[in-house]
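> Using the UniProt record's numbering, the letters of the sequence shown correspond one by one to residues 1 to 174.
By construction, the Cβ of each residue, glycine as well, lies at the ideal position given by its N, Cα and C atoms.
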Amino acid sequence: MMTTADDTRSRILAAARELFAERGYAATSLADIAAAVGLTKTAVAYHFHPKDRLAAELLSPAADEMLALLGTDYADRAELVEALVAFSVRYRSVIRLFMEDLSADDAVSPGSKRETVKTFRDEIHARLVGDDPAPEARVKSWALLGALLWGVVRTMDLPEDQVRAVLLESCRAF
Numbered sequence: 001m002m003t004t005a006d007d008t009r010s011r012i013l014a015a016a017r018e019l020f021a022e023r024g025y026a027a028t029s030l031a032d033i034a035a036a037v038g039l040t041k042t043a044v045a046y047h048f049h050p051k052d053r054l055a056a057e058l059l060s061p062a063a064d065e066m067l068a069l070l071g072t073d074y075a076d077r078a079e080l081v082e083a084l085v086a087f088s089v090r091y092r093s094v095i096r097l098f099m100e101d102l103s104a105d106d107a108v109s110p111g112s113k114r115e116t117v118k119t120f121r122d123e124i125h126a127r128l129v130g131d132d133p134a135p136e137a138r139v140k141s142w143a144l145l146g147a148l149l150w151g152v153v154r155t156m157d158l159p160e161d162q163v164r165a166v167l168l169e170s171c172r173a174f
């Protein structure tokens, strides 16, 4: 049976998603991804070179959904928190791609993927605290975001349902 280019791309993306989630983006090479799908590094590079193109393609559906989430008028803060928890659990492998990199250095290049992620992060914070946030609201918002993001990144080995339930309970406390 012949494999189409779309099938090959899908297999590469699936392997990259799994390896990035397991090892992290920086620790995963194109050769690792190639080995996981039974291809040569050159074959993987044909579809995704440089490696950033893989990350961008994996991020795209999450970015689209985040834009929709941010464009929604939620009835209250609790409804927004539920949407954020559901999103974070659903895209936890994608979130891991960026968490370590984002926490390392706050400087970003205009138009970069990191700038986009930081923009989303800052918009979520603004939605959680409102227009003129008191110090307490700001601290709670950043604490909620930190708990949510690191909570999904550091529990990749646990079932999604379990992570979702515990995060929802924890985030409601903020």
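Mind checking if Tyr25 is an interface residue toward chain B, Cβ cutoff 8 Å exclusive?
Chain labels in this structure do not include chain B; a single protein chain is all it has.
> Using CA coordinates, which residue listed in Leu67, Glu115, Arg23, Ala43 is at the minimum distance from Ser93?
Reading the sequence shown from its first residue, position 93 is the one you call residue 93. Checked all of Leu67, Glu115, Arg23, Ala43; the closest Cα to Ser93 is Arg23.
> Excluding the 5 residues flanking Ser109 on each side, which residues of the same chain have their C-beta closer than 8 Å to its C-beta?
Within the sequence shown, numbered from 1, the residue matching residue 109 stands at position 109. In this predicted model, Ser109 has a pLDDT of only 48, less than 50, meaning its place in the structure is not dependable; the value taken from the coordinates is given anyway. Counting only Cβ-Cβ distances below 8 Å, and skipping sequence neighbours, we find Glu115.
> Using 10 angstroms around the beta-carbon of Ala27, count the other beta-carbons present and answer buried if the total reaches 16, otherwise exposed.
In the sequence shown, counting from the first residue as 1, residue 27 sits at position 27. Ala27 is exposed by the Cβ-count criterion.
> Assuming Ala31 contacts Lys41 (C-beta within less than 8 Å), just tell me the rounded distance between them.
Against the sequence shown, residue 31 aligns to sequence position 31. Against the sequence shown, residue 41 aligns to sequence position 41. Right, the Cβ-Cβ distance comes to about 5 Å (below 8 Å), so this counts as a contact.
> Looking at the structure shown, is Tyr91 part of a helix, part of a strand, or coil, going by DSSP?
As a working mapping, residue 91 is identified with position 91 in the sequence shown. Looking at Tyr91 - three-state DSSP - the assignment turns out to be coil, as it is neither helix nor strand.
> Write down the C-beta distance between Leu148 and Ser88 rounded to the nearest angstrom, noting that I regard them as a contact closer than 8 Å.
Within the sequence shown, numbered from 1, the residue matching residue 148 stands at position 148. Within the sequence shown, numbered from 1, the residue matching residue 88 stands at position 88. 5 Å between Cβ atoms; contact.
> Leaving out five residues before and five after Ile33 in sequence, what residues of the same chain have Cβ atoms less than 7 Å from its Cβ?
Position 33 of the sequence shown, counting from 1, holds the residue named residue 33. Ile12, Ala15, Ala16, Leu19, Val44.
> Counting along the chain, where does the alpha helix (DSSP H) carrying Thr28 start and finish?
Numbered from 1 along the sequence shown, position 28 holds the residue referred to as residue 28. Here Thr28 belongs to no alpha helix (DSSP H), and DSSP marks it neither H nor E.
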